[in-house]
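Notes for the one structure printed next.
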Amino acid sequence: MSKPVFSLKNVVVTVGDGIQILKSINFDIYDGDFITVLGTNGAGKSTLFNAIAGNLAIASGEILHHNKNIAHETAVKRTDYLARVFQDPKMGTAPRMTVAENLLLAEKRGSKRTLRNRGLTQDKLTQYADITKVMGNNLDSHLNTATGDLSGGQRQALSFLMATRVKPELLLLDEHTAALDPKTSEQLMHATNDQVETHHLTALMITHNLADALKYGNRLIILNAGNIVLDVRDDEKQALDESQILKYFVS
Amino acid sequence: MSMIVSSIGQGLLWAVLGVALFLTFRILNFPDMTVEGSFPLGASTAVTMITHGINPFAATLAAFFVGTIAGLITGLLYTKGKIPILLAGILVMTASLSINLRIMGSANISLLDQKSIFSIKILQHLPKYFDSVFLGFVIIVIITAGLIFFLQTELGQAFIATGDNPNMAQSIGIQTDRMTIMGLMLSNGLIALGGAVIAQNNGYADINMGIGIIVIALASIIIGEVVFGELTLNERLIAVIIGSILYRLVLLVVLRLGFSTNDVNLISAIVLAVAMILPQLRHALKLDKVIKKGVTTHE
Chain A
0 MSKPVFSLKN VVVTVGDGIQ ILKSINFDIY DGDFITVLGT NGAGKSTLFN
50 AIAGNLAIAS GEILHHNKNI AHETAVKRTD YLARVFQDPK MGTAPRMTVA
100 ENLLLAEKRG SKRTLRNRGL TQDKLTQYAD ITKVMGNNLD SHLNTATGDL
150 SGGQRQALSF LMATRVKPEL LLLDEHTAAL DPKTSEQLMH ATNDQVETHH
200 LTALMITHNL ADALKYGNRL IILNAGNIVL DVRDDEKQAL DESQILKYFV
250 S
Chain B
0 MSMIVSSIGQ GLLWAVLGVA LFLTFRILNF PDMTVEGSFP LGASTAVTMI
50 THGINPFAAT LAAFFVGTIA GLITGLLYTK GKIPILLAGI LVMTASLSIN
100 LRIMGSANIS LLDQKSIFSI KILQHLPKYF DSVFLGFVII VIITAGLIFF
150 LQTELGQAFI ATGDNPNMAQ SIGIQTDRMT IMGLMLSNGL IALGGAVIAQ
200 NNGYADINMG IGIIVIALAS IIIGEVVFGE LTLNERLIAV IIGSILYRLV
250 LLVVLRLGFS TNDVNLISAI VLAVAMILPQ LRHALKLDKV IKKGVTTHE
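The following block contains the structure:
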């Protein structure tokens, strides 16, 4: 196997009086990995994401990006190579700005924002119509709608497109379909999988949906009480079923 | 008639404050009390420099830069010092009272027999009060055009996103602290510039001239919004200017009704409160429509 894009080495996250939320986490993320992350509430899934994204300081250990320790880089600095889609549809988009304006903003992730005109040209709008169409939820006909007026599903689809507008080296999907109704959720999950495959994205996806965790991705990680209790890939993952997974949930 | 012309002139001059406050109050989404300090700060800076023989235009520009410093301090207290924005603004506002006294050396300075930006040649040929209209128009057009340009740039869009959703802004790599500080600096710079222009129009700078400024600036924003409703961002800036003129006309009517200039702050507060309550009233009056919508079938 080639060199990992990201490596977590003995990552510990504590809160309050030394209570460990993450206890010495170790795993490597390789180019093209689509990893589903399972675990009960309080297992440390969100903490893991916050630690990788830089929203939470780690107590000890290293987070390596191409062998460079990024544990002390700010969250904003890490957005140069990291992108994230949140669970809350309100989190990922600017409500008073239009769909096209949001996409335009996301296109500048990782590059300097200058006093050049934002460049919302007709060409751009045509391009945005194409990329929003693939999400299959009518987003393409709302390019000039303020995102605050969109449905939750449309907003999450937009958040996803924004996160991948500039291809990130790692995409963090934080239960991004959880706040949606079952039909919309399934549709976005399909679209997500298509996009991950088409654009060869490297992604970590938290989910509470066991079926999704089994169906999607090439690798599965289960967290329990701050530890990784299962990390399987490819054939091994294929061989798993829901009842086997549930065994790992017992603490 | 001349009073109406005067009101329009005042409205255009004071519109600078409305447009400047729009940057923080509407775009960054917080009330910035610093403006009550940066307004007299700009006035005292410009007037003091003019009385020391400095070119009025240079003095006005200097007022802008001094105002940006006030904004910078509020911004640092808020973003790095984690002081709530309202308190950060009040701290800088209070501190600037002393600074203003230091700058002026007394509680007020007159510009009697001094040159000002209103002394330029073309203005002397205009009828009474038209000088404020002309200069006010030129200044607000330049500032508004500049802001419209800025807000459509990559940086301007990042600034808007910061006020709209700071979490999202950070997640796409926008340095929200820097954007907030930049907005406060620009806003307070413009407020100070407004203070410098208005002091020259009045013919003096006074230590107390900042009192109630935020209410006047807010009134022009809110009146513009109440009158015009849904608008694009650029149109909203224009609406603030018209709101500022309307506010002056309302003030003119009220003063005509027999109130004295001593009542101006009370009237300003009432005008603002009424303008802010109006949308709620309108909403309440539309209740029947809402009920109708509730029973019709829709997705």
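Protein sequence lines, in the order shown, are assigned to chains A and B. The numbers in numbering that gives the first Met the number 0 rise by one with no breaks, and the one at position 107 of the first sequence is 106. The numbers in numbering that gives the first Met the number 0 rise by one with no breaks, and the one at position 100 of the second sequence is 99. No residue lacks a Cβ here, since even glycine has one placed at the ideal position from N, Cα and C.
Proximity test, Cβ basis, 8 Å: residue i and chain B
{"i": "V75 (chain A)", "result": "yes"}
{"i": "G135 (chain A)", "result": "no"}
{"i": "P94 (chain A)", "result": "yes"}
{"i": "R83 (chain A)", "result": "yes"}
{"i": "F5 (chain A)", "result": "no"}
{"i": "M161 (chain A)", "result": "yes"}
{"i": "N116 (chain A)", "result": "yes"}
{"i": "M204 (chain A)", "result": "no"}
{"i": "D148 (chain A)", "result": "no"}
{"i": "K107 (chain A)", "result": "yes"}
{"i": "T46 (chain A)", "result": "no"}
{"i": "M188 (chain A)", "result": "no"}
{"i": "D173 (chain A)", "result": "no"}
{"i": "R112 (chain A)", "result": "yes"}
{"i": "D79 (chain A)", "result": "yes"}
{"i": "G91 (chain A)", "result": "yes"}
{"i": "L222 (chain A)", "result": "no"}
{"i": "L21 (chain A)", "result": "no"}
{"i": "E72 (chain A)", "result": "no"}
{"i": "L170 (chain A)", "result": "no"}
Candidates the options, of which the one nearest residue i by Cα
{"i": "V137 (chain B)", "options": "B:I240, B:H282, B:I68", "result": "B:I240"}
{"i": "L213 (chain A)", "options": "A:T201, A:E196, A:I130, A:D234", "result": "A:D234"}
{"i": "N217 (chain A)", "options": "A:K22, A:Y29, A:F33", "result": "A:F33"}
{"i": "F85 (chain A)", "options": "A:S242, A:T201, A:L170, A:T97", "result": "A:L170"}
{"i": "R115 (chain A)", "options": "B:L22, B:I147, B:S186, B:I142", "result": "B:I147"}
{"i": "K22 (chain A)", "options": "A:F248, A:T35, A:N226", "result": "A:N226"}
{"i": "I221 (chain A)", "options": "A:P3, A:A42, A:I20, A:V11", "result": "A:A42"}
{"i": "S184 (chain A)", "options": "A:S1, A:H199, A:D148, A:R154", "result": "A:R154"}
{"i": "S186 (chain B)", "options": "B:F258, B:L110, B:L22, B:G155", "result": "B:L22"}
{"i": "V36 (chain A)", "options": "A:N143, A:Q237, A:V231, A:S242", "result": "A:V231"}
{"i": "L203 (chain A)", "options": "A:T13, A:L81, A:S1", "result": "A:L81"}
{"i": "G60 (chain A)", "options": "A:I24, A:T73, A:T78", "result": "A:I24"}
{"i": "T113 (chain A)", "options": "B:I26, B:K81, B:M184, B:A157", "result": "B:A157"}
{"i": "F64 (chain B)", "options": "B:Q113, B:M184, B:A218, B:V214", "result": "B:M184"}
{"i": "T201 (chain A)", "options": "A:L229, A:A177, A:V165, A:N223", "result": "A:V165"}
{"i": "S6 (chain B)", "options": "B:D262, B:P83, B:Y128, B:I142", "result": "B:Y128"}
Cβ neighbours of residue i in the same chain (closer than 7 Å, five flanking residues each side left out)
{"i": "S6 (chain A)", "result": "D27, L63"}
{"i": "F133 (chain B)", "result": "L122, L125"}
{"i": "G211 (chain B)", "result": "N264, S267"}
{"i": "D130 (chain B)", "result": "F117, L122"}
{"i": "A58 (chain A)", "result": "V11, V12, T13"}
{"i": "L150 (chain B)", "result": "I159, L232"}
{"i": "G209 (chain B)", "result": "E35, G36, F38, P39"}
{"i": "L111 (chain B)", "result": "G202"}
Residues near residue i in its chain [Cβ-Cβ closer than 8 Å; skip 5 each side]
{"i": "L333 (chain A)", "result": "In the structure displayed, chain A extends from 0 to 250; residue 333 (chain A) sits before or after that span and is not available."}
{"i": "A238 (chain B)", "result": "G223, E224, V226, F227, L230"}
{"i": "G80 (chain B)", "result": "A87"}
Min CB distance residue i to chain A below 8 Å
{"i": "E224 (chain B)", "result": "no"}
{"i": "E35 (chain B)", "result": "no"}
{"i": "T152 (chain B)", "result": "yes"}
{"i": "S170 (chain B)", "result": "yes"}
{"i": "N164 (chain B)", "result": "yes"}
{"i": "M167 (chain B)", "result": "yes"}
{"i": "I159 (chain B)", "result": "yes"}
{"i": "T295 (chain B)", "result": "Summary for T295 (chain B): the model assigns pLDDT 39, below 50, so the residue's position carries little reliability, and this model does not support an answer."}
{"i": "Q156 (chain B)", "result": "yes"}
{"i": "Q174 (chain B)", "result": "yes"}
{"i": "K292 (chain B)", "result": "At K292 (chain B) the pLDDT is 44, less than 50, meaning the model places this residue with poor confidence and gives no usable figure here."}
Same chain only: Cβ atoms within 6 Å of residue i, ignoring 5 sequence neighbours per side
{"i": "G10 (chain B)", "result": "S243, I244, R247"}
{"i": "D139 (chain A)", "result": "A128, T131, K132"}
{"i": "N28 (chain B)", "result": "G162"}
{"i": "L71 (chain B)", "result": "M184"}
{"i": "G135 (chain B)", "result": "G8, L11, L12"}
The stretch 169-176 of chain B / the stretch 26-46 of chain B touching (three or more Cβ pairs under 8 Å)
no
Contact between the stretch 200-208 of chain B and the stretch 61-72 of chain A: three or more CB pairs below 8 Å?
no
Check whether the stretch 85-92 of chain B touches the stretch 26-33 of chain B, taking contact to mean three or more Cβ pairs, one atom from each stretch, closer than 8 Å.
yes
Could you tell me which whole beta strand (DSSP E) segments of length 3 or greater appear in the stretch 1-48 of chain B?
none
Measuring CB atoms only, is the stretch 189-200 of chain B touching the stretch 13-26 of chain B, in the sense that at least three cross pairs come out at less than 8 Å?
yes
Residue ranges of each alpha helix (DSSP H) within the stretch 194-263 of chain B, 4 or longer
212-227, 232-255
Say whether the stretch 87-98 of chain A touches the stretch 195-214 of chain A, bearing in mind that this needs 3 or more beta-carbon pairs closer than 8 Å, one atom from each stretch.
no
Beta strand (DSSP E) runs contained entirely in the stretch 146-208 of chain A, provided each spans 3 or more residues
169-173, 202-205
My parser needs the beta strand (DSSP E) runs of 3 or more residues fully inside the stretch 144-189 of chain B; what are they?
none
On the three-pair Cβ rule with 8 Å, is the stretch 46-58 of chain A touching the stretch 141-149 of chain A?
no
Go through the stretch 34-95 of chain A residue by residue and report every complete run of the alpha helix (DSSP H) that reaches 4 residues or more, in order.
44-52, 74-77
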